[in-house]
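Below is one structure, written out as structure tokens, with a few remarks after it.
Residue numbers (the working numbering): 47 to 195.
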């Protein structure tokens with residue numbers, strides 16, 4: 047790892063903080079809207095809430111870990127030798143993969159609403175959508191666990 051100046055580290059922290067805070071705020075507002083509006087109290091709203099939670103997980107882990115690494119300036123935190131480094135990677139990647147899976151299921155939900163309009167409520171009940179969110183998040187966590195060891 048090459049030595050960087052404190053100015054470069056400050057610029058990096060500022061960039062990460064700016065991008066992360068804007069992502070946290072926009073995803074939090076979207077999650078608030080999806081959970082409080084009556085229009086989103088259906089399978090689509092549950093799927094949207096699911097990928098917003100995954101986005102928030104990934105952004106929060108990324109922001110926290112980048113702040114720690116750039117503040118401490120220890121080369122050990124940039125090396126995958128430590129278990130905590132691999133754990134942070136697992137949490138970050140799991141949020142990203144979970145978000146990708148839930149975006150796919152949201153697209154499938156919208157396709158079903160258009161093509162199977164008469165059977166939509168049977169195919170996509172709120173309980174089925176909640177199960178899909180739980181399965182997508184869990185499977186993304188399980189998929190990423192092979193990086194721990």
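Every residue gets a Cβ at the ideal spot worked out from N, C-alpha and C, and that includes glycine. Note that the structure is predicted; figures quoted are calculated from it, not measured.
Identity of the residue in the options nearest residue i by Cα
i, options, result
"residue 135", "105, 166 and 174", "105"
"residue 107", "77, 132 and 119", "132"
"residue 190", "167, 144, 164 and 84", "144"
"residue 151", "193, 65, 124 and 177", "177"
"residue 38", "186, 86 and 130", "Nothing in the structure corresponds to residue 38, since the chain is present only between 47 and 195."
Neighbourhood of residue i by C-beta, 6 angstroms cutoff - its chain only, sequence neighbours within 5 removed
i, result
"residue 142", "104"
"residue 55", "116"
Close-in-space but distant-in-sequence residues of the same chain around residue i (CB under 7 angstroms, 5 per side omitted)
i, result
"residue 148", "93, 96, 97, 100, 179 and 182"
"residue 88", "172"
"residue 146", "none"
"residue 126", "132"
"residue 128", "122"
Spatial neighbours of residue i in its chain, beta-carbon cut-off 8 angstroms, leaving aside the 5 residues before and after
i, result
"residue 155", "89, 90, 93, 170 and 175"
"residue 193", "132, 135, 136 and 139"
"residue 76", "94 and 98"
Nearest-angstrom beta carbon gap, residue j and residue i [assumed within contact, 8 angstroms]
i, j, result
"residue 116", "residue 58", "6 angstroms"
"residue 39", "residue 139", "Because residue 39 is not part of the residues shown, which for the chain are 47 to 195, the question remains open."
"residue 62", "residue 113", "7 angstroms"
Entirely enclosed alpha helix (DSSP H) segments - the segment 52-130, minimum 4 residues | 52-82 and 89-118
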